[in-house]
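First up is the structure itself, then whatever we jot down about it.
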Amino acid sequence: MHAVQVSPEPTPNPNAVKFTLGRPSTDGGAETFTEGSDPAASPLGAAIFAVGDVTNVFATADFVSVTKADGADWSELGPKVEAAIIAHFEGSGA
Numbered sequence: 014m015h016a017v018q019v020s021p022e023p024t025p026n027p028n029a030v031k032f033t034l035g036r037p038s039t040d041g042g043a044e045t046f047t048e049g050s051d052p053a054a055s056p057l058g059a060a061i062f063a064v065g066d067v068t069n070v071f072a073t074a075d076f077v078s079v080t081k082a083d084g085a086d087w088s089e090l091g092p093k094v095e096a097a098i099i100a101h102f103e104g105s106g107a
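Okay, here's the thing in structure tokens:
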């Protein structure tokens, strides 16, 4: 199994960060998950929402964009989201 490489990048929206992966994050098209989405529909989305202070997850084949809640701080939230993404792929064998 290869280690998952995650590179956070700023976006024009200060509430969103793009996490570029060194592997596909989806099986093809784009997927969007919001608060209250069915966690069974996306284990990756559920793992990121479990971090807390996340309002939206948008996953494509190349990256995952995460939008934080107002008042949340990327300096604290970013490493937690990155760890959740890595744990999802390394733990699931996906």
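According to this note's numbering, the sequence shown is numbered sequentially starting from 14. Ideal placement from N, C-alpha and C gives every residue a C-beta, glycine not left out. Quantities reported herein were computed from a predicted structural model and do not represent experimental measurements.
Which whole-angstrom value is the C-beta distance of residue i and residue j, which I expect to be below 8 Å?
i: Phe-76; j: Ala-43; result: So it is not a contact: roughly 10 Å between Cβ atoms.
i: Phe-32; j: Val-17; result: Not confirmed; about 10 Å, so no contact.
Determine the burial state of residue i: buried for a count of at least 16 other Cβ atoms within 10 Å of its Cβ, exposed for fewer.
i: Gly-106; result: Legend: pLDDT at Gly-106 = 48, less than 50; position of this residue unreliable, no value from coordinates given.
i: Ser-88; result: exposed
i: Pro-92; result: exposed
i: Met-14; result: Confidence at Met-14 is low in this model, with a pLDDT of 48, below 50, so its placement is unreliable and the value that follows should be read with caution. Result: exposed.
Closer than 8 Å by C-beta to residue i: which residues in its own chain qualify, once you throw out the five before and the five after it? Chain order, please.
i: Ala-100; result: Ala-60
i: Gly-58; result: Glu-44, Phe-46, Ser-50, Pro-52, Val-70 and Ala-72
Among the options, which residue has its Cα nearest to the Cα of residue i?
i: Ala-96; options: Pro-27, Phe-62 and Ala-74; result: Phe-62
i: Ala-74; options: Pro-25, Asn-26, Leu-34 and Pro-21; result: Leu-34
i: Pro-27; options: Ala-54, Asp-66, Ile-98 and Asp-83; result: Asp-83
i: Glu-22; options: Gly-65, Gly-104, Ala-85 and Ser-78; result: Ser-78
i: Gly-104; options: Val-64, Asp-86, Pro-92 and Pro-56; result: Pro-56
i: Asp-86; options: Ile-98, Phe-102 and Val-64; result: Val-64
Give me, in chain order, the residues of the same chain whose beta-carbon lies closer than 6 Å to that of residue i; leave out the 5 immediate sequence neighbours on both sides.
i: Ala-29; result: Ser-78 and Thr-80
Taking 7 Å as the cut-off, is the beta-carbon of residue i closer than that to any non-hydrogen atom of the ligand GTP?
i: Pro-92; result: Looking for the ligand GTP in the displayed structure turns up nothing, as the structure carries no ligands at all.
Scan the segment 27-71 and note each continuous beta strand (DSSP E) run of 3 residues or more that stays entirely inside, going in chain order.
-> Taking 3 residues as the minimum length, the beta strand (DSSP E) runs contained wholly in the segment 27-71 are 29-34 and 44-47, in order along the chain.
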